[in-house]
Amino acid sequence: SATFRTRGLTKVYGEGAAAVHALRGVDLEIPEGEIVVLLGPSGSGKSTLLNIVGGLDRASDGEAWFQDQNLSEMSDRELTLYRRDHVGFVFQFYNLMPSLTAYENVELVTEIADNPMEVERALELVGLGERMNHFPAQMSGGEQQRVAIARAIAKNPTVLFCDEPTGALDSATGRAVLHVINDVNRELGATVMVVTHAAATAQMAHRVIHFADGQIRTVTENDTRLSPD
Ligand code: ADP
Ligand code: ADP
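The opening residue of the sequence shown carries number 10 in UniProt numbering; numbering runs sequentially from there.
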């Protein structure tokens, strides 16, 4: 069964001569439990697609479904609950609270989540069991991104969305972060969707969607998947 489906998904920013057609009719299916990598050049509409299926933004036209729920028909309140209960987000820049420890950054999310895991477990899953009381400024970029992943998974999300998760990291640190994302998929069974322009990220994907100019160009199933270690 599919975690997501879209039909004719369209997004236009602005109007008239200034209109930007970010998505031009996207038909997509993301199977449950897979790691799907959406690969394409900067400005091709990847983040826009992620934000719509992640309930952060709305389509201009077409439909997006999460399981059997039509996101286009949800009220703002329903979208907020959808994000709270089902969606974990990881961005390029970790967006941690600088005045809080790793533990406290993760705890913030577990306090409002419907079905959270223990804060310690989330930090152990990303390999930071020994760094729980460190502040962001005391951690490397890769460690901070792992805290951000712990924060995203602590709510036990159905789906983990990662937008350029290694974009601010050197390649060795980036590989370690991809390894953690791979573990999250394996240990928790969460569907994972990663958007990136970095082709190396595609090696851990079950499915690679090549995206350009607001449209899907090809979808490749990855039979020779490598774990990124
Ligand atoms: P990608 O993630 O592939 O880099 P984006 O989804 O960020 O692509 O952007 C797709 C297109 O939409 C780009 O031309 C971008 O400039 C434009 N765009 C994205 N967000 C906005 C916005 N909030 N307002 C206007 N244009 C936007
Ligand atoms: P460089 O260090 O020259 O930038 P990379 O770090 O991109 O190169 O890749 C180094 C090696 O690690 C290559 O053999 C590449 O195939 C492999 N690699 C990179 N990313 C991944 C990944 N996500 N999964 C598996 N192997 C990877």
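We treat Cβ as the ideally placed atom computed from N, Cα and C, and that holds for glycine. Just so we're clear, the structure is a prediction, and the values are computed from it rather than from any experiment.
Quiz item: CB of V45 to nearest heavy atom of ligand 1: below 7 Å?
Solution: In this structure, V45 has its beta carbon at no less than 7 Å from each heavy atom of ligand 1.
Practice problem: Considering only heavy atoms of ligand 1, list every residue whose Cβ is less than 5 Å from one of them, following chain order. | Solution: My final list is Y22, V29, A31, S51, G52, S53, G54, K55, S56, T57.
Quiz item: Which residue's Cα is closest to the Cα of H95: H30, A111, D123?
Solution: When each option's Cα is compared against that of H95, the closest is D123.
Exercise. For L47, write down the residues that DSSP places opposite it in a beta bridge.
Key: DSSP lists V204, I218 as partners of L47.
Exercise. Express the C-alpha separation of D77 and L47 in angstroms, rounding to a whole number.
Key: Rounded to whole angstroms, the gap between the alpha carbons of L47 and D77 is 23 Å.
Quiz prompt | Whole-angstrom C-beta distance between M202 and V168, which should lie under 8 Å | solution = The beta-carbon separation of V168 and M202, rounded to 7 Å, stays under the 8 Å limit for a contact.
Practice problem: Following the continuous beta strand (DSSP E) through G17, name the residue where it begins and the one where it ends. | Solution: Unbroken beta strand (DSSP E) run through G17: 11 to 22.
Quiz item: residue 267 to E139, Cα distance in whole Å?
Solution: Given that the chain is displayed from residue 10 to residue 238, the structure contains no residue 267 and the question cannot be resolved.
Practice problem: From the DSSP output, read off the bridge partner residues of Q78. | Solution: Under DSSP, the beta-bridge partners assigned to Q78 are F75.
Practice problem: Please name the residue, chosen from A111, I121, P166, E43, that lies closest to residue 7 on a Cα-to-Cα basis. | Solution: Residue 7 is absent from the structure shown; the chain starts at 10 and stops at 238.
Self-check item: Selected residue, minimal CA-CA separation from L80, among G52, F98, N60, G97
Solution: Cα-wise, what sits closest to L80 is N60.
Quiz item: For R234, which option in F220, L117, G223, T210 has the closest C-alpha, if you only look at C-alpha atoms?
Solution: Closest in C-alpha terms to R234, from the list F220, L117, G223, T210, comes T210.
Self-check item: Anticipated Cβ contact below 8 Å, E173 with V204, distance rounded
Solution: With a Cβ gap of about 7 Å, E173 and V204 count as contacting.
Quiz item: DSSP beta-bridge partners for L58?
Solution: None; L58 has no bridge partner.
Exercise. Spell out a yes or no on whether the region 185 to 204 and the region 14 to 22 are touching, meaning 3 or more CB-CB pairs, one atom from each, closer than 8 Å.
Key: Touching, no.
Quiz item: What's the gap between the Cα of G34 and the Cα of A221?
Solution: One Cα belongs to G34, the other to A221, and the distance between them is close to 12 Å.
Self-check item: Among N142, V118, L197, nearest to A161 - alpha-carbon criterion
Solution: For the residues N142, V118, L197, the minimum Cα distance to A161 belongs to V118.
Practice problem: List the whole-angstrom C-beta distance separating A214 from Q101, where the pair is believed to meet the contact cut-off of C-beta under 8 Å. | Solution: Rounded to the nearest angstrom, the Cβ distance from A214 to Q101 is 18 Å, too far for a contact under 8 Å.
Practice problem: Can you tell me the Cβ-Cβ gap for R93 and G63, rounded? I've got them flagged as a contact below 8 Å. | Solution: Between G63 and R93 the Cβ distance is about 12 Å, and since that is not below 8 Å, they are no contact.
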